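Notes for the one structure printed next.
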Amino acid sequence: MKMLRVLLKNLQKGPATDPFPFGDTFTPKGLRGRVRFDPAACSGCRMCEHVCAAGAIRFTESAKGLEFTLWHNSCTFCGMCEHYCVPQAIHLTEDWHLAHRQQDKYTMTEIGTVVMIECCECHKRMLPTSRQLTAIAYRGSNQMIERMSQMCPDCRRQMSAKLLSKGASL
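Set out below in structure tokens:
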């Protein structure tokens, strides 16, 4: 008799479990999930590859530039890559929906290419400096930051020396 009362009470309340995967579920704020890569912000320092304990991040050089690959099936979502990325090219999203079939495990990747450009001064092929990183390193107008982000390190050094000798502040 007591069991029958409990059963009726539970039927009135409805399910006590999460409706996932058949319905929406709660995602905690700040959950570390799928990694997003912004090639326009990347400076090619490869620090993310260095700090990745799982070895999920790889950079390869190609004719186009520097190719970034992150395997989500290897990533532990520790957030070290995001933490050490000074230009903020890597972000961990709150998207945790990474279930996949076994045959698709090698397609669970985040891919991007940091395209090589020519230096606006000497025309050497180089990886561009991200605007975010240049803005941190050089205080100045947006035009100066834009121009310096298009220069190779040697030309940037020469321009900085010229500006400092003229008394301008960086």
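The opening position of the sequence shown corresponds to residue 1 in full-length UniProt numbering, with each subsequent residue numbered one higher.
Yeah, the Cβ is synthetic: ideal placement off N, Cα and C, and Gly gets one too.
Keep in mind that this is a model prediction, so the values were computed, not measured.
In the structure shown, what three-state DSSP assignment does residue i receive?
i: methionine 126; result: strand
i: glutamate 110; result: strand
i: glutamate 61; result: strand
i: leucine 133; result: helix
i: glutamate 67; result: strand
i: histidine 50; result: helix
i: glutamate 121; result: coil
Which residue marks the beginning of the beta strand (DSSP E) containing residue i, and which one marks its end?
i: arginine 46; result: Premise fails: arginine 46 is in no beta strand (DSSP E) and is neither H nor E.
i: arginine 101; result: No beta strand (DSSP E) contains arginine 101, which DSSP labels as neither H nor E.
i: histidine 97; result: Where histidine 97 is concerned, there is no enclosing beta strand (DSSP E), given that its DSSP letter is neither H nor E.
i: histidine 83; result: Counting along the chain, histidine 83 falls outside any beta strand (DSSP E), though it belongs to the alpha helix (DSSP H) covering 80-84.
Could you check which residue in the options has the C-alpha nearest to that of residue i?
i: glutamine 132; options: Lys124, His100, Cys119 and Glu146; result: Glu146
i: leucine 70; options: Thr107, Met3 and Asp18; result: Thr107
i: methionine 126; options: Lys105, Met144 and Ser149; result: Ser149
i: proline 28; options: Ser130, Thr134, Thr93 and Pro87; result: Thr93
i: threonine 76; options: Gly14, Gly55 and Ser43; result: Gly55
i: aspartate 95; options: Gly30, Met151, Ala135 and Asp104; result: Gly30
i: cysteine 78; options: Glu67, Ala53, Leu4 and Asn142; result: Ala53
i: tyrosine 84; options: Leu98, Arg101, Glu67 and Glu49; result: Glu49
The ligand GDP and residue i: does any heavy atom of the ligand fall closer than 6 Å to the residue's C-beta?
i: valine 86; result: Of the ligands one can find in the structure shown there are none, so the ligand GDP has no counterpart to examine.
Between which two residues does the alpha helix (DSSP H) carrying residue i extend?
i: alanine 35; result: As written in the sequence, residue 35 is valine, which differs from the alanine given in the question. First-last for valine 35: 35-37, but that is the beta strand (DSSP E), not the alpha helix (DSSP H).
i: leucine 164; result: 153-165
i: leucine 7; result: 2-13
Taking only beta-carbon atoms, is residue i less than 7 Å away from chain D?
i: glutamine 103; result: The displayed structure is made up of one protein chain only, and chain D is not part of it.
Determine, using beta-carbon pairs with one atom in the region 3-14 and one in the region 33-43, whether at least three such pairs fall under 8 Å.
No: fewer than three Cβ pairs fall under 8 Å.
Check whether the region 112-131 touches the region 19-28, counting contact only when three or more Cβ pairs, one atom from each stretch, lie closer than 8 Å.
Not touching, per the Cβ criterion.
Segment contact, 8 Å Cβ cut-off, at least three pairs: the region 116-132 with the region 151-158:
Taking a contact to require three or more Cβ pairs closer than 8 Å, the region 116-132 and the region 151-158 qualify as touching.
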